[in-house]
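**Student:** Residue numbers (our numbering): 117 to 314. The beta carbon of each residue, even a glycine, is placed where N, CA and C say it ideally should be.
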Amino acid sequence: MISPRLALSATLAALVSTAAADLQIISPGGPNLWWVAGSINTIAWNCQQNTEFLNFTVSVGNSNPAVLNQPQAIIAVENNFDCSKTITPDQESFAAGDGYFIQFGNTLNSTDVYAQSQPFEIKPLGSAYPATSATPTEGGASATASGSSSGSPSASGSGSGSGAAAQTSAPANSASGLTGSVASVVAVVAGVFGLMFA
Numbered sequence: 117m118i119s120p121r122l123a124l125s126a127t128l129a130a131l132v133s134t135a136a137a138d139l140q141i142i143s144p145g146g147p148n149l150w151w152v153a154g155s156i157n158t159i160a161w162n163c164q165q166n167t168e169f170l171n172f173t174v175s176v177g178n179s180n181p182a183v184l185n186q187p188q189a190i191i192a193v194e195n196n197f198d199c200s201k202t203i204t205p206d207q208e209s210f211a212a213g214d215g216y217f218i219q220f221g222n223t224l225n226s227t228d229v230y231a232q233s234q235p236f237e238i239k240p241l242g243s244a245y246p247a248t249s250a251t252p253t254e255g256g257a258s259a260t261a262s263g264s265s266s267g268s269p270s271a272s273g274s275g276s277g278s279g280a281a282a283q284t285s286a287p288a289n290s291a292s293g294l295t296g297s298v299a300s301v302v303a304v305v306a307g308v309f310g311l312m313f314a
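Here it is as structure tokens:
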């Protein structure tokens with residue numbers, strides 16, 4: 117017979133490993149991270165925190181079936197360790213609009229979806245890209261910088277970065293959400309172990 121403590125420990129260990137293994141698409145997604153039609157765009161994901169998925173197919177879908185009736189693969193096999201991928205206009209030719217999303221799926225079964233981004237907009241050709249400070253990083257931090265110069269040889273500038281600010285403003289599918297879920301699971305595990313040995 118398996119002791120209740122051993123069974124509980126095994127269950128909690130499995131829960132922690134599942135929470136830590138979530139594949140999440142960091143960018144694009146949400147109102148501040150869009151693509152520009154007919155331009156070079158980027159996809160980023162949490163590859164360092166996730167080693168469960170070695171590779172996947174990258175697809176673009178839209179919540180409106182009149183725009184796309186099903187997600188279309190733009191990369192057949194993408195390696196997880198790349199962490200991000202530049203998408204050229206040759207790889208994607210989607211019309212400007214909203215409701216788009218990125219999916220990472222099984223390379224042999226497109227209905228087995230590993231991760232899906234938040235909905236995002238594809239802006240018309242010639243639109244500005246999102247500010248680099250809007251893009252969260254895998255650790256949940258982003259940085260901002262500003263500077264100025266004049267016609268003279270002198271210039272001035274300043275920069276700052278803050279992980280805390282990025283964690284409060286990053287989209288829900290970002291790595292900060294993963295960090296929070298792992299921290300919650302660890303807290304639950306610690307509490308359960310405290311009760312078991314009390």
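Give me the Cα-Cα distance between Asp198 and Thr158, rounded to the nearest whole angstrom.
**Tutor:** Indexing the sequence shown from 1 puts residue 198 at position 82. Indexing the sequence shown from 1 puts residue 158 at position 42. Here the alpha carbon of Asp198 sits roughly 12 Å from the alpha carbon of Thr158.
**Student:** Helix or strand or just coil, what does DSSP make of Asp214?
**Tutor:** In the sequence shown, residue 214 corresponds to position 98, counting from 1. Judged by DSSP in its simplified three-state form, Asp214 adopts strand.
**Student:** Contact between the region 147-164 and the region 231-247: three or more CB pairs below 8 Å?
**Tutor:** yes
**Student:** Taking the C-alpha atoms as reference points, what is the distance between Asn148 and Gly221?
**Tutor:** Within the sequence shown, numbered from 1, the residue matching residue 148 stands at position 32. Within the sequence shown, numbered from 1, the residue matching residue 221 stands at position 105. Taking the straight line joining both Cα atoms gives about 24 Å.
**Student:** Along the chain, where does the beta strand (DSSP E) containing Thr158 start, and where does it finish?
**Tutor:** To locate residue 158, count along the sequence shown from 1; it is residue 42. Residues Asn157 to Trp161.
**Student:** Work out the CA separation of Ile238 and Glu208 for me, nearest whole Å.
**Tutor:** As a working mapping, residue 208 is identified with position 92 in the sequence shown. As a working mapping, residue 238 is identified with position 122 in the sequence shown. Linking Glu208 to Ile238 through their CA atoms gives a straight-line distance of about 11 Å.
**Student:** Hey, Gln219 and Gly145: beta-carbon distance below 8 Å or not?
**Tutor:** Within the sequence shown, numbered from 1, the residue matching residue 219 stands at position 103. Within the sequence shown, numbered from 1, the residue matching residue 145 stands at position 29. For Gln219 and Gly145, no; Cβs fall outside 8 Å.
**Student:** Confirm, please, whether the CB-CB distance from Asn195 to Asn225 is below 8 Å.
**Tutor:** As a working mapping, residue 225 is identified with position 109 in the sequence shown. As a working mapping, residue 195 is identified with position 79 in the sequence shown. Taking 8 Å as the Cβ cut-off, Asn225 and Asn195 do not qualify as a contacting pair.
**Student:** Just mark Gly177 as buried or exposed, buried being the case when its beta carbon has 16 or more other beta carbons within 10 Å.
**Tutor:** By 1-based counting over the sequence shown, the position of residue 177 is 61. Buried, by the Cβ-count rule.
**Student:** For Ala211, I'd like the list of residues in its chain whose CB is within less than 8 Å of its CB, leaving aside the five on either flank, ordered along the chain.
**Tutor:** As a position in the sequence shown, residue 211 is number 95, starting the count at 1. Result list for Ala211: Ala153, Val183 and Ile238, in chain order.
**Student:** Among Asp214, Asn162, Phe169 and Ala250, which residue has its Cα nearest to the Cα of Pro181?
**Tutor:** Reading the sequence shown from its first residue, position 65 is the one you call residue 181. Distances from the alpha-carbon of Pro181 to those of Asp214, Asn162, Phe169 and Ala250 put Asp214 closest.
**Student:** Taking DSSP as the reference, what is the three-state secondary structure of Ser249?
**Tutor:** Within the sequence shown, residue 249 is the residue found at index 133, counting from 1. Correct three-state label for Ser249: helix.
**Student:** With DSSP as the reference, label Phe236 as helix, strand or coil.
**Tutor:** On the sequence shown, residue 236 is found 120 positions in, with the first residue counted as 1. It is a strand residue.
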